[in-house]
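Student: Structure incoming, see below.
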Amino acid sequence: MSRLANRVIIVTGGNGLLGKDIIKSIRDEGAICLNFDINHETDIYLFNVKCDITDSASVVSALELVFSTYGSIDGLVNNAYPRTVDWGTKFEDILFDSWKNNVDWQLNSYFFMTQQVAKYMTERKYGSIVNIGSVYGVVGPDFTVYDGTSMTMPAAYAAIKGGIVNLTRYLCSYLGPNQIRVNVVSPGGIFDNQNPTFVENYNKKVPMRRMGKPDDISPAVVFLLSDDAKYITGQNIIVDGGWAAI
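Below, the structure is given as structure tokens:
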């Protein structure tokens, strides 16, 4: 298929679990897909760009490289997931500086990356931006799925992902006159070799009786980047096996 033929699309955090599959799916649709990640060096011929999304100078430099090389930026997937080493601390033990750093690294970096990419898209009056949210940006967590484990749902995660969902609505309204579409894909729990007790608890609750996989998520991202979704903006597509419906 070639729904994204010759389009220049950036995916942040492309070396991660979701990012790898999102990039593969985008490339399978014919796009030039650039992987913005802090964990590799820049090789534009391999479509890898070293970018620290928490550093504004790094973001500006990376985008300038892409634009000078390809002459356009047609799509952006805000997927990167930077977090502090104490991520996952229980609510009552979260240090305030840790809370602030996580909000800054995740929510604020999505804002800045989108702001800078939108400048390039506005010139052409064309573009699609997809933010990766979460079902926990829409509904509160069910802490019973963590019973029997030391796991918990980080409080900052819910705040950040909820913020991303509503920031997307703002951007839809603000950037719409420039024909820039902005949407969210909100995954449910993705299997990543978690504690077996957690996986069992989760599977019992979700209507489809299994955790999600990366290839459950990437098709929704590709759809929103493509012209199949040319009149869809400001929407949150929840890909969660039915979790939020019950």
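Count the sequence shown with this note's numbering and you get residues 2 to 247, in order.
Even for Gly, the Cβ is constructed at its ideal location relative to N, Cα and C.
Source: prediction; values computed, not measured.
Ignoring anything shorter than 3 residues or poking outside the segment 39–120, list the beta strand (DSSP E) runs there in chain order.
Tutor: Here the runs fully enclosed are 49–51 and 76–79.
Student: Tell me the residue span of the alpha helix (DSSP H) that contains residue 222.
Tutor: Looking at the DSSP string, the run of the alpha helix (DSSP H) that includes residue 222 is 215–226.
Student: From this set, 14, 155 and 18, which residue's C-alpha is nearest residue 35's C-alpha?
Tutor: Answer by Cα proximity: 14.
Student: Are residue 122 and residue 33 close, meaning C-beta to C-beta below 8 Å?
Tutor: Contact: no.
Student: In angstroms with no decimal places, state the Cα-to-Cα distance between residue 65 and residue 172.
Tutor: Distance between the alpha carbons of residue 65 and residue 172 is about 22 Å.
Student: So does the segment 51–68 actually touch the segment 102–118, counting three or more Cβ pairs closer than 8 Å?
Tutor: With a cut-off of 8 Å, the segment 102–118 and the segment 51–68 count as touching, because enough Cβ pairs lie within range.
Student: Could you give the DSSP three-state label for residue 139: helix, strand or coil?
Tutor: Here residue 139 sits in coil by DSSP.
Student: Are the CB atoms of residue 215 and residue 56 nearer to each other than 8 Å?
Tutor: For residue 215 and residue 56, no; Cβs fall outside 8 Å.
Student: Count the C-beta pairs between the segment 93–104 and the segment 141–150 that are closer than 8 Å, then say yes if the count reaches three, no if not.
Tutor: The segment 93–104 is not in contact with the segment 141–150.
Student: Going by DSSP in three states, residue 211 sits in which element: helix, strand or coil?
Tutor: If DSSP states are grouped into helix, strand and coil, residue 211 belongs with coil.
Student: Does DSSP put residue 144 in a helix, in a strand, or in coil?
Tutor: Residue state, collapsed to three classes: helix.
Student: May I have the straight-line CA-CA distance separating residue 88 from residue 155, to the nearest angstrom?
Tutor: If you take the alpha carbons of residue 88 and residue 155, they lie about 7 Å apart.
Student: Assuming residue 239 and residue 174 form a contact by the criterion Cβ under 8 Å, report the distance between their Cβ atoms to the nearest whole angstrom.
Tutor: In fact, because the Cβ distance is near 21 Å, the residues do not count as touching under 8 Å.
Student: Using three-state DSSP, classify residue 199 as helix, strand or coil.
Tutor: Helix.
Student: Look at residue 185 and residue 103 and say whether their C-beta atoms are less than 8 Å apart.
Tutor: In this structure, residue 103 does not lie closer than 8 Å to residue 185 by Cβ.
Student: Only counting the same chain, and skipping five residues up and downstream in sequence, which positions put a Cβ closer than 7 Å to that of residue 28?
Tutor: Within the same chain, residue 28 has close Cβ partners 34.
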